[in-house]
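Read through the structure below, which is laid out as structure tokens, and then see the notes.
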Ligand code: SIN
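In my numbering, the protein residues as written are 158 to 511.
In structure tokens:
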């Protein structure tokens with residue numbers, strides 16, 4: 158006996174279908190989505206159709222990639238593209254991140270939503286940087302791929318398509334920046350890359366994914382706590398408005414990793430002598446004397462754990478971005494400490510039960 162199963166379309170799918178139908182009738186314009194390409198494996202070209210891991214990242218142009226999704230993508234959104242760069246994710250530095258934020262802001266002046274494509278290597282840093290610096294409440298979705306564009310069974314095409322579907326659905330409005338890969342979308346603060354090869358590499362063990370993209374259905378199961386300030390955009394935004402500072406105001410901040418028997422005093426002194434303004438110590442290490450000597454030279458320390466979750470722990474790479482921005486926007490150590498605490502600890506304010 159065969160059982161027929163009927164998929165129940167989500168509200169998003171219905172909305173998209175209606176938007177598509179009415180736009181065909183010339184009534185409602187399709188959502189405008191700008192895709193900003195930065196490179197990575199998603200834009201990679203492989204040696205053969207089966208060289209899943211042997212390829213050159215950052216080769217294909219984002220316009221050509223979007224064109225390969227036509228005509229289906231045209232039913233979802235009016236898509237435009239910006240080629241920001243075409244490199245592996247590790248090829249970008251903090252001044253480039255500054256420019257990327259301005260590029261996203263500029264695109265959002267006219268677009269309803271933005272998709273950023275990048276390498277997955279440091280994508281958890283890209284998305285957290287955008288979370289902290291892009292001040293619009295409109296959807297910003299970052300995506301990439303674990304297999305290059307040109308192999309059989311690549312995830313690159315589906316990830317780009319799904320990221321545009323998610324952005325066009327506008328379901329992530331006020332959720333902050335999200336990372337979409339392998340049909341799942343994740344909050345910027347929690348998500349991290351866990352595996353060098355697997356397609357389900359992005360995880361957020363502590364609190365779980367935000368939702369799924371299944372064809373045109375976007376299913377959202379939870380929201381990051383910042384959604385509670387959606388009606389109060391000033392409160393919703395972070396204080397890190399990059400139009401108020403220049404790239405040169407972004408200080409050098411480094412990470413030191415602790416381990417059994419670590420002796421980090423020389424490294425701390427060397428960082429201080431090199432002009433480093435902040436050090437994230439992940440998992441301890443370094444004597445009190447070494448830290449005090451560095452503090453006397455103006456270095457600010459912050460502590461995280463090496464493991465990814467538990468309490469309000471921010472992974473060291475993300476704590477570094479938060480400290481860097483905090484130091485760029487305030488010279489007051491108390492204010493810097495407050496921002497570090499506030500943004501690491503974002504939780505829902507549930508009132509008297511506390
Ligand atoms: C990169 O991070 O640019 C290369 C690896 C990837 O995109 O998966």
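Ideal Cβ placement from N, Cα and C applies to all residues, glycine included.
>> Helix, strand or coil for residue 501? Go by DSSP, reduced to three states.
In response: helix
> With burial defined as no fewer than 16 other Cβ atoms inside 10 Å of the residue's Cβ, what is the status of residue 416: buried or exposed?
Replying inline: exposed
>> Quick check: does the Cβ of residue 242 come within less than 8 Å of any heavy atom belonging to the ligand SIN?
In response: no
> In three-state terms, what does DSSP make of residue 506?
Replying inline: coil
> I think residue 305 touches residue 203, with their Cβ atoms under 8 Å apart; what is that distance to the nearest whole Å?
Replying inline: 5 Å
>> Quick check on DSSP: helix, strand or coil for residue 280?
In response: helix
> Any idea which residues DSSP pairs residue 413 with across the strands?
Replying inline: 438
> For residue 374, does the three-state DSSP call read helix, strand or coil?
Replying inline: strand
> In three-state DSSP terms, what is residue 366?
Replying inline: coil
>> Within a Cβ cutoff of 7 Å, which residues of the same chain sit near residue 384, ignoring the five residues on either side of it in sequence?
In response: 331, 332
> Between which two residues does the beta strand (DSSP E) harbouring residue 235 extend?
Replying inline: 235-244
> Mind checking whether residue 297 and residue 287 have CB atoms under 9 Å apart?
Replying inline: yes
> Which residues in the same chain have their Cβ closer than 8 Å to the Cβ of residue 502, if we skip the five residues on either side of it in sequence?
Replying inline: 469
>> Let me make sure I understand the geometry here. Which of 294, 311, 500 has the alpha-carbon closest to that of residue 302?
In response: 311
> Taking the alpha-carbon positions, what's the residue 245 to residue 508 distance?
Replying inline: 45 Å
> Do you know whose CA, among 497, 352, 313, lies nearest residue 478's CA?
Replying inline: 497
> Mapping DSSP to helix, strand and coil, what is residue 203?
Replying inline: strand
>> Here's the rule I'm using: 16 or more other beta-carbon atoms within 10 Å means buried, otherwise exposed. How should residue 488 be labelled?
In response: exposed
> Is the beta carbon of residue 279 within less than 8 Å of some heavy atom of the ligand SIN?
Replying inline: yes
> Skipping 5 residues on each side, what residues in its chain have a beta carbon closer than 7 Å to that of residue 280?
Replying inline: 246, 299, 301, 336, 350
>> Rounding to the nearest angstrom, what Cα-Cα distance links residue 424 and residue 437 in this structure?
In response: 12 Å
>> Does the structure place the region 249-265 close enough to the region 217-235 that three or more beta carbon pairs sit under 8 Å?
In response: no
> Got a sec? Which residues, its chain only, sit under 6 Å from residue 238 by beta carbon, not counting five neighbours each side?
Replying inline: 192, 219, 220, 223
> What residue from 313, 360, 295, 348 has the CA that sits closest to residue 328's CA?
Replying inline: 295
> Near residue 229, which residues of its chain fall below 8 Å by C-beta distance, leaving aside the five closest residues on each side in sequence?
Replying inline: 318
> residue 505: which of 386, 406, 199 sits nearest, CA to CA?
Replying inline: 386
> Out of curiosity, what's the CA-to-CA distance linking residue 181 and residue 346?
Replying inline: Legend: pLDDT at residue 181 = 49, less than 50; position of this residue unreliable, no value from coordinates given.
>> Is it buried or exposed, residue 390, if we count other Cβ atoms within 10 angstroms and call 16 or more buried?
In response: exposed
> On the premise that residue 197 lies in contact with residue 277, defined as a C-beta separation below 8 Å, what is that separation, rounded to the nearest angstrom?
Replying inline: 6 Å
> What is the C-beta distance between residue 465 and residue 433, in whole angstroms, given that I count them as a contact (C-beta under 8 Å)?
Replying inline: With a Cβ gap of about 24 Å, residue 465 and residue 433 do not count as contacting.
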